[in-house]
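For the sequence shown, my numbering gives the first residue as 20, with consecutive numbering after it. The beta-carbon is built from N, C-alpha and C at its ideal position, and this holds for glycine as well. To start, the structure itself, in structure tokens.
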Amino acid sequence: MVTSSAMDKTITVSVTRRVKHGKYGKFISFTSKFHAHDEKNDCNTGDTVRISETRPLSKTKNWRVVEVIERVK
């Protein structure tokens with residue numbers, strides 16, 4: 020899920036994963052944020068995208084956008 024597209028050719032992507040607690044069985048949500056390279060600047064906040072790891076493109080950017088799965092309405 021894209022959380023920010025304010026930078027030029029860069030988006031911030033939040034990846035949420037749900038893990039079951041080992042002892043209590045309750046599901047816990049963990050969120051990780053990544054900076055991803057968006058060559059065409061076509062992603063907007065709220066879009067669902069697929070990213071893949073790549074060589075370091077900047078100090079914080081090691082991911083790139085592969086495809087836009089779902090656009091926000």
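Candidates the options, of which the one nearest residue i by Cα
i: ASN34; options: SER77, VAL91, THR22; result: In the sequence as presented, Asn is not what sits at residue 34; that position holds Val. Comparing Cα-Cα distances from VAL34 to each of SER77, VAL91, THR22, the minimum goes to THR22.
i: SER77; options: LYS39, HIS54, GLY44, TYR43; result: HIS54
i: ARG36; options: LYS59, LYS92, LYS52; result: LYS52
Close Cβ partners of residue i (< 6 Å) along its chain, the five nearest in sequence each way excluded
i: ARG90; result: ASP66
Between the CA atoms of residue j and residue i - distance to the nearest angstrom
i: HIS40; j: VAL32; result: 25 Å
i: ASP27; j: LYS80; result: 13 Å
Own chain residues within Cβ distance below 7 Å of residue i, not counting five before or after
i: ARG83; result: ALA55, HIS56, ILE70, SER71, THR73
Sequence-distant residues of the same chain with beta carbon closer than 8 Å to residue i, five excluded per side
i: GLU86; result: VAL68, ARG69
i: ARG61; result: The sequence shown places Asp at residue 61, rather than the Arg named in the question. These residues qualify, in order along the chain: VAL87.
| field | the stretch 65-78 in contact with the stretch 38-48 per 3-pair CB rule at 8 Å | value | no
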